[in-house]
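Q: Using numbering that gives the first Met the number 0, read the sequence shown as starting at 0 and increasing by one per residue. Here a beta-carbon is modelled for each residue, glycine too, at the ideal position from N, C-alpha and C.
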Amino acid sequence: MHHMFVYHEEVQALRAKHRNRCRLISVCRPNQSCWQKAVLICMGLSLIAALFSCTMGLCAPCTPGCAVLHSTASFFAFLFAVVAASVFFFAAHRVDSRFVVGLVGTYEQQIGEAFYCYVISCLLLMLVFILSLIGAYHALRSSTIQTNQTAACLARREQMAPLAGHWSESMSRNEKIVFGKTTV
0 MHHMFVYHEE
10 VQALRAKHRN
20 RCRLISVCRP
30 NQSCWQKAVL
40 ICMGLSLIAA
50 LFSCTMGLCA
60 PCTPGCAVLH
70 STASFFAFLF
80 AVVAASVFFF
90 AAHRVDSRFV
100 VGLVGTYEQQ
110 IGEAFYCYVI
120 SCLLLMLVFI
130 LSLIGAYHAL
140 RSSTIQTNQT
150 AACLARREQM
160 APLAGHWSES
170 MSRNEKIVFG
180 KTTV
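Pasting the structure below:
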C-alpha cells in the first residue's frame, strides 16, 4: 500500500510539472499544431479583410476614397489567403504530419480537393485586387476630371456675368420668357 501511495505522489508531481511546462513553453494544444493555428488566423484575417473590401466596394461608386480602401482591403485579403495556403502547403509536406501510423501500417496523407479550391479562391482574390486597382484609378481620375469641369463651369459663369446685365435690360422691354428662351 505504501508503494502505491508513493507512486501516486510521483505521478501527481510529474503531471503538475508537465502542466506548468506546457503553459510556459507552448500556446498550442497537444492535438493542434502551431501551424494549424497560424493557418486559421490567416484565413480569419483574410475573411475579415474580404468583408471590409466588399463593404468599401459598395461605397466606391459614390466616393472615390472608398475605391482606394477597397483596393487596400482586397490586397490584404489576398495576402493573408496566400500566406495561409503557403503555410498549410509546406506544413502538410513535412514528414511528421505527412505520414500517419494506422492500425495495420503507415499511411501517406495527400492534399485534398479543398486545398485546390482554396488556391483557386486565392487566384480569384488576386484578380479582384487587380480589377480594384483599375477601378480605383478610374474613380480617382474621373473625380479629378469632374472637379476640373466644375471649376471650368464656374469660370465660364463668372465670364458671363456681364451678360446678365444685358439680360435684365431686355426684360425691362417687356419680352416674354418661355422655358428659358426669349420671344419677341
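Determine the contact status of Pro63 and Ser142, defining contact as a CB-CB distance below 8 Å.
A: By one-based count along the sequence shown, residue 63 stands at place 64. By one-based count along the sequence shown, residue 142 stands at place 143. Yes, they are a contact pair.
Q: Whole angstroms is fine: what's the gap from Tyr117's alpha carbon to Arg14's?
A: What you label residue 117 is simply residue 118 of the sequence shown in a count that begins at 1. What you label residue 14 is simply residue 15 of the sequence shown in a count that begins at 1. About 41 Å.
Q: Helix or strand or just coil, what does DSSP make of Thr62?
A: For the purposes of this step, residue 62 is taken as residue 63 along the sequence shown, with counting starting at 1. It is coil, neither helix nor strand.
Q: What first and last residue would you give for the beta strand (DSSP E) that runs through Val103?
A: Against the sequence shown, residue 103 aligns to sequence position 104. No beta strand (DSSP E) holds Val103; DSSP gives it neither H nor E.
Q: How many angstroms separate the CA atom of Ile24 from the CA atom of Ile47?
A: The count along the sequence shown starts at 1 and reaches residue 24 at position 25. The count along the sequence shown starts at 1 and reaches residue 47 at position 48. The predicted position of Ile24 is uncertain, since its pLDDT is 49 and thus under 50; no value can be drawn from it.
Q: Distance check for Ser45 and Phe77, CA to CA, integer angstroms please.
A: On the sequence shown, position 78 is the one that residue 77 refers to. On the sequence shown, position 46 is the one that residue 45 refers to. Those two C-alpha atoms are separated by around 7 Å.
Q: Consider the C-beta atom of Gly43 and the heavy atoms of the ligand SAH; say whether any pair is separated by less than 7 Å.
A: In terms of ligand content, the structure shown is empty, and the ligand SAH therefore cannot be addressed.
Q: What does DSSP give as the partner residues of Phe51 in its beta bridges?
A: The count along the sequence shown starts at 1 and reaches residue 51 at position 52. Per DSSP, none; premise fails for Phe51.
Q: Would you call Ala84 buried or exposed, if buried means 16 or more other Cβ atoms sit within 10 Å of its Cβ?
A: Start at 1 with the first residue of the sequence shown, and residue 84 comes out as number 85. Counting Cβ neighbours within 10 Å, Ala84 comes out buried, since at least 16 surround it.
Q: Can you list, in chain order, the residues of its chain with a C-beta nearer than 6 Å to that of Leu50? Leave out the 5 residues immediately preceding and following it.
A: For the purposes of this step, residue 50 is taken as residue 51 along the sequence shown, with counting starting at 1. Taken in chain order, the list of residues that qualify is empty.
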